[in-house]
Amino acid sequence: MVFIRTKNIKGHQYAYLVKNIWNEDSKKVQQVTIKYLGNVSKLKIEHIPKEYESNPYVKEFLDTYYNKGKEDGKFDDSIKEKVFKYLSVHDIESLIEIYEDYVKYHQLDTFYDKIMIPILHEIGDLWQSGKLDVVTEHICSNAVLSLIKIINEKTLKLRKTHLAKKVLICTPQGELHIIGCSMIESLLLKKGYIVYNASPSAPSDSIISYLRSKDIDLLIISFTLMEHKRMVKKMVKEIRDGIKIPIIIGGRGVSSLANDSELSGISDIHPLEKPVGEIVQIVNKII
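So for the sequence shown, this note's numbering puts the first residue at 507; every next one is plus one.
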């Protein structure tokens with residue numbers, strides 16, 4: 507099977523012509539790059555080797571993005587409409603179909619950044635404005651978590667890279683939002699890391715105890731509500747007083763920590779505006 511796959515690097519998409527082949531030694535399907543095609547925005551049919559120009563998956567990719575004049579935004583919008591509909595009725599089977607079709611041409615982080623995160627923001631805004639009832643909001647959130655759980659199960663079955671480095675993900679005490687933590691866990695699992703997800707709402711003393719008992723290499727703290735800023739700062743101080751470990755802070759509430767002198771020395775403060783996939787790059791650099 508030959509198709510075009512994309513990779514999101516610092517907000518830009520790059521295309522690769524790849525094929526799946528059967529590896530007799532490992533008894534698994536192996537993906538091999540045929541040709542690097544460059545930036546997706548500049549991709550033309552002339553860049554495709556002649557023998558693959560008529561390949562149905564290649565043609566579908568080019569038709570979707572260029573020949574029909576569709577822009578990425580419009581294409582993603584049509585997918586987001588479907589995803590929102592399926593989330594609201596907890597149709598996991600249809601959500602999995604959309605996910606599997608999408609990652610034929612994109613990376614997992616792109617699926618989260620371009621599709622899932624914007625939908626979650628929209629759901630939150632609709633709920634806050636009273637246009638979405640609390641039951642539907644809860645159903646959508648639970649459907650997202652169910653989808654990520656299935657994605658993780660598929661990832662663990664197929665991943666070939668296994669790293670010895672351990673990452674602990676948590677939220678401060680009182681913070682109950684966990685979808686961001688689950689997405690980060692998902693991306694790190696795909697890269698081969700050992701991941702412990704302790705969200706939601708964990709006290710500092712328990713986190714410190716776990717960091718020591720499992721010999722964790724990196725701690726990621728996520729928080730959504732700005733009202734938990736004080737608890738985040740308290741947690742960071744207590745952890746740093748008790749153990750030396752790199753710390754990344756991320757989530758929607760991070761903007762409230764900008765230029766906070768009490769957090770100097772933190773490995774990274776990751777604002778929501780940045781692609782979630784960049785956290786993996788930061789983790790790679792730190793550990």
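We put the beta carbon where it would ideally sit given N, CA and C, even for glycine. Bear in mind that the values here come from a model prediction, so they are computed numbers and not experimental data.
Using the C-alpha atoms, what's the distance from residue j back to residue i?
{"i": "W703", "j": "G680", "result": "Sequence check: residue 703 is Asn here, not Trp. Going by the C-alpha atoms only, they are around 16 Å apart."}
{"i": "G686", "j": "S715", "result": "23 Å"}
{"i": "I656", "j": "M689", "result": "12 Å"}
{"i": "G575", "j": "L694", "result": "Residue placement at G575 is flagged as unreliable, the pLDDT there being 43, under the threshold of 50; a coordinate-derived value is accordingly withheld."}
{"i": "Y611", "j": "P706", "result": "33 Å"}
{"i": "L543", "j": "D766", "result": "43 Å"}
{"i": "K663", "j": "I598", "result": "19 Å"}
{"i": "I727", "j": "S719", "result": "18 Å"}
{"i": "I623", "j": "I602", "result": "16 Å"}
{"i": "V782", "j": "N514", "result": "11 Å"}
{"i": "I793", "j": "H553", "result": "37 Å"}
{"i": "D631", "j": "V640", "result": "12 Å"}
{"i": "N573", "j": "I629", "result": "Here N573 scores only 49 on pLDDT, less than 50, and its place in the model is too uncertain to base an answer on."}
{"i": "K637", "j": "K591", "result": "15 Å"}
{"i": "L763", "j": "K735", "result": "7 Å"}
{"i": "K696", "j": "R665", "result": "6 Å"}
{"i": "K548", "j": "N790", "result": "29 Å"}
{"i": "S588", "j": "H627", "result": "The question names Ser, but residue 588 in the sequence shown is Lys. For K588 and H627, the distance between alpha carbons rounds to 16 Å."}
{"i": "I788", "j": "I751", "result": "15 Å"}
{"i": "V524", "j": "V564", "result": "10 Å"}
{"i": "E784", "j": "T616", "result": "11 Å"}
{"i": "I753", "j": "Q634", "result": "31 Å"}
{"i": "Q519", "j": "T667", "result": "23 Å"}
{"i": "L717", "j": "A708", "result": "13 Å"}
{"i": "L682", "j": "S532", "result": "42 Å"}
{"i": "H596", "j": "K740", "result": "37 Å"}
Would residue i and residue j qualify as a contact pair, given that the criterion is a beta-carbon distance under 8 Å?
{"i": "S710", "j": "E733", "result": "no"}
{"i": "D582", "j": "I621", "result": "yes"}
{"i": "V538", "j": "A521", "result": "no"}
{"i": "C676", "j": "I713", "result": "yes"}
{"i": "V473", "j": "P678", "result": "Residue 473 is absent from the structure shown; the chain starts at 507 and stops at 793."}
{"i": "K541", "j": "P562", "result": "no"}
{"i": "I772", "j": "I749", "result": "no"}
{"i": "L669", "j": "G698", "result": "yes"}
{"i": "S692", "j": "N648", "result": "no"}
{"i": "N526", "j": "M507", "result": "yes"}
{"i": "Y605", "j": "L651", "result": "no"}
{"i": "T730", "j": "Q613", "result": "no"}
{"i": "S594", "j": "T642", "result": "yes"}
{"i": "Y618", "j": "I585", "result": "no"}
{"i": "V673", "j": "V701", "result": "yes"}
{"i": "I551", "j": "E557", "result": "no"}
{"i": "I625", "j": "F567", "result": "no"}
By DSSP, does residue i sit in helix, in strand, or in coil?
{"i": "T642", "result": "helix"}
{"i": "Q787", "result": "helix"}
{"i": "K743", "result": "helix"}
{"i": "S715", "result": "helix"}
{"i": "V535", "result": "strand"}
{"i": "I551", "result": "helix"}
{"i": "I792", "result": "helix"}
{"i": "M507", "result": "coil"}
{"i": "V782", "result": "coil"}
{"i": "K720", "result": "helix"}
{"i": "N561", "result": "coil"}
{"i": "K637", "result": "coil"}
{"i": "S707", "result": "coil"}
{"i": "K735", "result": "helix"}
{"i": "D569", "result": "helix"}
{"i": "K556", "result": "helix"}
Quick check: is the beta carbon of residue i nearer than 8 Å to any beta carbon in chain D?
{"i": "S635", "result": "In the structure shown, chain D does not exist; there is a single protein chain."}
Among all the DSSP beta bridges, which residues are the ones paired with residue i?
{"i": "A521", "result": "T512 and G544"}
{"i": "I527", "result": "Q536"}
(request) Run through the region 579-631 for me and flag every whole alpha helix (DSSP H) of 4 or more residues, listed as ranges in chain order. (result) Correct list: 598-608.
(request) List in chain order: all unbroken alpha helix (DSSP H) runs of 4+ residues lying wholly within the region 652-703. (result) Complete alpha helix (DSSP H) runs here, min 4: 685-696.
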